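Below is one structure, written out as structure tokens, with a few remarks after it.
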Ligand code: ASP
């Protein structure tokens, strides 16, 4: 670091504001940044906080200077110790200040719409409208710089694992992820459209045919879906694909990248990632995105109530959730819980407070008097409940029961996603199809190119919903980070899967002809994965909304408050594109 007060011709400053320390005392420095707080001491002495991304330093300015909040200035001065009693322990530069300051205004500024200090509570629309001011705030600086570090760690991890970074087109054909796509009108081919890629899925599979056997990209993906805390129209994924690799190898490539990123993002390398089958995740946690930071597994009571006379429990599945110490819940809290269960599709929710009389456990519930003594004993044994616990029970069809209790589990025991500890889990062996569409045709759970589990190949036609896929998700603290699969590289299996989905040869050719065509020219076995970098960084940054780790995000309604997008385009441009807007249907 140069100590010369005159910066070299290549630089406007000799160091950054946040780096000035007691070791620099006596040195001449030149700093650049924005004016933060200003405090006057009489007419001819002012204390200015000078801020750049690295921090702030106090500058003592004599004489009159016409600078106000957020002016951009260059200050040359001498580093001096602060007078006794004025040291600020909260600042890394708190032992020093700049004396003999010469202030050069590089640019004046209007008063900012809100304080650049993180402590000022600013409402979100104002932050997004003036994002460039918001980005100056320490929180956004920290988050975006963390993101850059995570990206760099991911790139390093992929490079070390011999992956080749390749960019794929943004103007592309529809891809099969199943979300609504953004369409881009073509000027040269009026009436025709490009699709913005939901992911580089088909492009990366073509790269496998092209012999790039380990590809990756930090890829922008675009999906025209409703926005929420963990979803924006545009998001960024680490997208990868490899040939001649087993599912375990692919997961281990991803695990390395994620653990490296976590180490950089949180300072701690997580223990290895757990693995759980999809069937277990649903059975024990009621979801394919289990949050393993807390136990509260679903408890199966189907056996206990197999021959029950209790109407509420005569269903194919009876499952329970035990809330430790939950018996203190009031009647109105329990009513709310029942309403919540109903809003999730339950016919009802039975609750039982566990009591003890002279050491013998009992149940306090409107339903208790209908239970036989064996049922009560079986219930207490299976739930391993103790005095003061609350047990809630849902009886219904299997998947619905699991999903209702899975949601209640998170309602009752969950915590914000970004709160540690970080619990990663691979969920494997997803079903190939996830239910059926309106016409009774199986729908792909991941996408139509996912390879069925080798043991289940002969059931594609006879019992498609029971076929497992070679697909896998990575979950962190109850958020799905990403998913991937081994792909179908054989035309015969692809044709059978398409047929099961009701996609005939003609439709397959029209939608994915270019991929199927390429597959006839030597497609290697391959598979891949993609995980959301926005979500990962948000969690590392302690943020519960991915907007906080995106420089220019959209609002919940998809607007960009800064630029005003989306907006109408001039009539001439519409004409050039061959487009006419129809009035909005009312
Ligand atoms: N393209 C998939 C997705 O974006 C991930 C993959 O299968 O590689 O979800």
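In the numbering used here, the protein residues as written are -10 to 575. Note that the Cβ used here is the ideal one computed from N, Cα and C, for glycine as well. As the structure is a prediction and not an experimental result, all values here were calculated from the model.
- The DSSP-derived three-state label of residue 17 is strand.
- Less than 8 Å divides the Cβ of residue 184 from the Cβ of residue 171.
- The beta strand (DSSP E) runs of length 3 or more contained entirely in the stretch 234 to 293 are, from start to end of the chain, 263 to 266.
- Listed in chain order, the beta strand (DSSP E) runs fully inside the stretch 21 to 106 are 34 to 41, 44 to 51, 61 to 70, 85 to 96, counting runs of at least 3 residues.
- Taking the Cβ of residue 366 as the reference point, every heavy atom of ligand 1 lies at 7 Å or farther away.
- A distance below 8 Å between beta-carbons, with the five flanking residues on each side excluded, links residue 490 to the following residues of its chain, in chain order: 422, 430, 431, 432, 433, 437.
- Closer than 7 Å to some heavy atom of ligand 1: that does not describe the Cβ of residue 156.
- Residue 551 places its beta carbon 8 Å or farther from that of residue 133.
- For ligand 1, no non-hydrogen atom lies closer than 7 Å to the CB of residue 562.
- No heavy atom of ligand 1 is found nearer than 7 Å to the CB of residue 487.
- DSSP places residue 8 in the helix class (H, G or I) of the three-state scheme.
- In this structure, the beta-carbon distance from residue 312 to residue 215 does not fall below 8 Å.
- Rounded to the nearest angstrom, the Cβ distance from residue 98 to residue 60 is 5 Å, consistent with a contact under 8 Å.
- For residue 187, same chain residues with a beta-carbon under 7 Å away, outside a window of 5 residues either side, are 164, 166, 168, 170, 210, 211, 212 in chain order.
- Ligand 1 has a heavy atom closer than 7 Å to the beta-carbon of residue 518.
- Counting the other CB atoms within 10 Å of its CB gives residue 28 a total below 16, which places it among the exposed residues.
- The Cβ atoms of residue 535 and residue 206 lie no closer than 8 Å to each other.
- Under the three-state reduction of DSSP output, residue 404 falls in the coil class, being neither helix nor strand.
- The three-state reading of DSSP puts residue 506 in helix, counting H, G and I together.
- Annotation: the continuous alpha helix (DSSP H) that includes residue 365 extends over 362 to 372.
- At least one heavy atom of ligand 1 lies closer than 7 Å to the C-beta of residue 210.
- Around the C-beta of residue 483, 16 or more other C-beta atoms lie within 10 Å, and the residue is accordingly described as buried.
- Under the rule that a run must span 4 or more residues, the alpha helix (DSSP H) segments found entirely inside the stretch 132 to 220 read 190 to 198.
- With fewer than 16 other Cβ atoms inside 10 Å of its own Cβ, residue 102 counts as exposed.
- At least one heavy atom of ligand 1 lies less than 7 Å from the C-beta of residue 474.
- Inter-residue distance for residue 150 and residue 519 is about 16 Å (C-alpha atoms, whole angstroms).
- Between the alpha carbons of residue 66 and residue 10 lies a distance of about 14 Å.
- The beta carbon of residue 180 sits closer than 7 Å to the beta carbons of 567 from its chain, once the five residues preceding and following it are set aside; these are given in chain order.
- In the three-state reduction of the DSSP assignment, residue 413 falls in the strand class.
- Inter-residue distance for residue 347 and residue 375 is about 13 Å (C-alpha atoms, whole angstroms).
- A buried status is given to residue 44, since no fewer than 16 other beta-carbon atoms sit within 10 Å of its beta-carbon.
- Straight-line spacing of the CA atoms in residue 443 and residue 464 works out to 24 Å.
- Rounded to whole angstroms, the gap between the alpha carbons of residue 467 and residue 247 is 16 Å.
- In this structure, residue 305 keeps its C-beta atom at 8 Å or more from the C-beta atom of residue 408.
- In this structure, DSSP gives residue 130 a helical state, which the three-state scheme calls helix.
- Rounded to the nearest whole angstrom, the C-alpha separation of residue 448 and residue 458 is 12 Å.
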